[in-house]
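Report on the structure given below.
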Amino acid sequence: SQQGEEDPQALSIQEGENATMNCSYKTSINNLQWYRQNSGRGLVHLILIRSNEREKHSGRLRVTLDTSKKSSSLLITASRAADTASYFCATPAPNAGKSTFGDGTTLTVKP
Amino acid sequence: DVKVTQSSRYLVKRTGEKVFLECVQDMDHENMFWYRQDPGLGLRLIYFSYDVKMKEKGDIPEGYSVSREKKERFSLILESASTNQTSMYLCASSSRDQPQHFGDGTRLSIL
């Protein structure tokens, strides 16, 4: 069963607005990963945040991690229509390859 | 650049057929995975392999088998295809607990 949960399931915003997606997980982690999936394609890794980090930036992406609450958030600033996609968080088992993926947030950015 | 290649983007088969989905990675990753993705159900792990000739069941292995004779290749086999196996199939590879690299997916229809 999926342990990661994204919230909200769907998000619709206007171009230029910020989009925030949240992820909760249940087990201890070494890192948490965020992925993006365009319709009909495979997932693409966006950003990894380690368990000893609280915040990480990559371009217009900002990820936070709160291990005490077992939660993470992905913020996309100044969104573009091209950001329209589904976004997933994933938590790999420590020292192993198997990951638990959330159910994803579907983001629609209207031009 | 990193590449995971799935043999077919679209595949149509008939009920009862034996179906082979092939996946090849060029990154010398020890871990390889097969997922299926259905609307509203997220990514579900079918099988994964952490070494040549090694395999472990995921969350939904029933009706599937896998083969990993070489490190770069991981095959998913539908022993006797059924209509409820119509889905998007995603292959991925990784090293240890690092991000997974995904192929573009195979959209399989069983008629």
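Going down the list, the protein sequences come from chains A and B. Going by my numbering, the residue at position 83 of the first sequence is 83; the numbering climbs one at a time, nothing skipped. Convert by adding 111 to the 1-based position in the second sequence; the result is the number in my numbering. No residue lacks a Cβ here, since even glycine has one placed at the ideal position from N, Cα and C.
Looking at Glu-141/B, Asp-162/B, Val-135/B and Ile-171/B, the one whose alpha-carbon comes closest to that of Arg-155/B is Ile-171/B. Taken in chain order, the members of the region 84-98 of chain A whose beta-carbon sits within less than 9 angstroms of a beta-carbon on chain B are Phe-88, Ala-90, Pro-92, Ala-93, Pro-94, Asn-95, Ala-96, Gly-97 and Lys-98. Between Lys-56/A and Ser-24/A the beta-carbon gap is near 18 angstroms, outside 8 angstroms, which marks them as no contact.
With its beta carbon at least 9 angstroms from every one in chain B, Tyr-25/A lies outside the interface. The DSSP-derived three-state label of Gln-196/B is helix. Boundaries cannot be given for Gln-211/B, as no beta strand (DSSP E) includes it and DSSP labels it neither H nor E. In the DSSP assignment, Val-130/B falls within the beta strand (DSSP E) that extends over 130-136. Relative to the Cα of Ser-12/A, the nearest Cα in the group Phe-101/A, Leu-43/A and Ser-79/A belongs to Ser-79/A. Proximity of the region 131-142 of chain B to the region 112-119 of chain B meets the contact definition, three or more beta-carbon pairs being nearer than 8 angstroms. DSSP lists Leu-122/B and Ser-198/B as the beta-bridge partner residues of Leu-219/B.
Here Ser-191/B is exposed, its C-beta having fewer than 16 other C-beta atoms within 10 Å. Interface with chain B (9 angstroms Cβ-Cβ cutoff): His-45/A is included.
The Cβ atoms of Ser-176/B and Glu-167/B do not sit closer than 9 angstroms to each other. DSSP places Tyr-35/A inside the beta strand (DSSP E), whose first and last residues are 31-37. For Ser-205/B, the neighbours in chain A by C-beta distance under 7 angstroms run, in chain order, Gly-97.
Looking from the CA of Lys-182/B, the closest CA among His-212/B, Met-138/B, Gly-169/B and Tyr-146/B belongs to Met-138/B. For Gln-136/B against Ser-204/B, the beta-carbon gap comes to about 4 angstroms, under 8 angstroms, which counts as contact. Asp-103/A reaches chain B at Gly-151, Leu-152, Gly-153 and Leu-154, counting residues in chain order whose Cβ is nearer than 9 angstroms.
Around the Cβ of Leu-222/B, a 10 Å sphere holds fewer than 16 other Cβ atoms; the residue is exposed.
Taken through DSSP and simplified to helix, strand or coil, Ala-78/A comes out as coil.
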